[in-house]
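First up is the structure itself, then whatever we jot down about it.
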Amino acid sequence: MFPEFQANFLEGYQKTVYYFDKGNTRFYMLNSNYPGEEHLISDTQINWINSNMNSEKRYTFYFFHEPAYPTGAHVSSSLDVNKLQRDKLWGIIDRSPNPIVFCGHEHNYSRRHIDHNFNETIAGQTFLFSQSIYQVTIGTFGAPVYLSYTDKKNVDVPPIPQYHFAVIDLNSDNILVTVYNLNGQIIDRFVQ
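Heads up, the sequence shown is in this note's numbering, so the first residue is 8 and it goes up one at a time.
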C-alpha cells in the first residue's frame, strides 16, 4: 500500500509494534492493549526500544493508546495499573533524544509534562527522570467526549472535552504542535 514506508517490526506482535525513521526523527508505535498484556508496555517492547534507540536522531516520537499518566476518567485503567512497567517504559523514553509522547484512551485533549516530579521508587527500583517530556492526549477518535479531571500534577492544559486533531510540524530547530477543534479554532499550540 505504501511502498516508501519502511518499518521495522517487533516479532510476535502481528505488526502492531514498529518504528520508522523520517528525516531526523524516529517514530515508535507501541501496543498497550496486546492480548495478555493489557494496561502495559511489555518488557519485550521495552527491551526492543532500548536495542533500537538511535541517539543520532534529533527527535523521538512515541505513540500508544493508553496514557502512562492519565489525568481523569482512566486513572487506574491505563498504564498506571502497573506502575513498575510504566516507569520502566518512561525510563527508556527519558533516555531518548528530545522525546514526545502521544496517546489516547481518555476522550478529551490534554497535555502534561512528566519530569523529576514523577520520580519514585517501586519494588526497590528507583526511577529518576531527567527530561521534561510532554504527554499529549489526543483522545476523541470515534467516541463521546467527556471531562473528568482528577490527577492535576504537572498538567499544562487541563482536559478539553472537544473533538480535535493535531498538526505536527517537524522543523530543524523544533517541533511545533498545533491542536484544532473541529471548527478550526486553535485549542493548544506548543513548541518542543
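Just so you know, even glycine gets a beta-carbon here, dropped at the ideal spot from N, CA and C.
Quiz item: Which residues in the same chain have their Cβ closer than 6 Å to the Cβ of Gln-138, if we skip the five residues on either side of it in sequence?
Solution: Asp-101
Exercise. Please confirm whether Arg-156 and Gly-79 have their CB atoms less than 7 Å apart.
Key: Here residue 156 turns out to be Tyr, not Arg, going by the sequence shown. Their beta carbons are under 7 Å apart, which means Tyr-156 touches Gly-79 by this criterion.
Quiz item: Which value, in whole angstroms, describes the spacing of the CA atoms of Tyr-170 and Ile-145?
Solution: 9 Å
Self-check item: Cβ-based neighbour list, Leu-154, same chain, cut-off 7 Å, excluding 5 preceding and 5 following
Solution: Correct list, in chain order: Asn-115, Pro-166 and Pro-168.
Quiz item: Where DSSP assigns a beta bridge to Phe-136, which residues make up the other side?
Solution: Its beta-bridge partners do not exist; DSSP assigns none.
Self-check item: Every unbroken beta strand (DSSP E) inside the region 66-122 [3 residues or more]
Solution: Correct list: 66-70, 106-110 and 116-121.
Exercise. List the whole-angstrom C-beta distance separating Phe-207 from Tyr-41, where the pair is believed to meet the contact cut-off of C-beta under 8 Å.
Key: No answer is possible for residue 207: it lies beyond the span of the chain, which begins at 8 and ends at 199.
Quiz item: Are three or more beta carbon pairs between the region 81-91 and the region 56-67 nearer than 8 Å?
Solution: no
Exercise. Report yes if the C-beta distance between Val-152 and Ser-117 is below 7 Å; otherwise report no.
Key: no
Practice problem: Grab me the residues of Pro-106's own chain with a C-beta within less than 8 Å of its C-beta, minus the 5 sequence neighbours each way, in chain order. | Solution: Tyr-66, Thr-67, Phe-68, Tyr-69, Ile-100, Gln-138 and Ile-140
Quiz item: Buried or exposed: where does Thr-189 fall if 16 or more other Cβ atoms within 10 Å of its Cβ makes it buried?
Solution: For the record, residue 189 in the displayed sequence is Leu; it is not Thr. When all chains shown are included, Leu-189 counts as exposed.
Quiz item: Taking Cβ to Cβ, would you say Leu-47 is nearer than 7 Å to Phe-71?
Solution: no
Quiz item: When we look at the beta-carbon of Val-198 and count the other beta-carbons within 10 Å, is it buried (16 or more) or exposed?
Solution: Burial check for Val-198: the Cβ neighbour count within 10 Å stays below 16, so the residue is exposed.
Quiz item: Going by DSSP, which residues form a beta bridge with Lys-29?
Solution: Thr-32
Practice problem: Classify Gln-142 as helix, strand or coil using the three-state DSSP reduction. | Solution: It is a strand residue.
Quiz item: Which stretch, first to last residue, makes up the beta strand (DSSP E) that contains Asn-188?
Solution: Counting along the chain, the beta strand (DSSP E) containing Asn-188 begins and ends at 182-188.
Self-check item: Cβ-based burial, Glu-73 [other Cβ within 10 Å; buried from 16]
Solution: Buried, because 16 or more other Cβ atoms sit within 10 Å of the Cβ of Glu-73.
Quiz item: Beta-carbon separation of Lys-125 and Phe-109 under 7 Å?
Solution: It should be pointed out that residue 125 corresponds to Phe in this sequence rather than to Lys. No, the Cβ-Cβ distance between Phe-125 and Phe-109 is not below 7 Å.
Self-check item: First and last residue of the uninterrupted alpha helix (DSSP H) at Asp-50
Solution: 50-58
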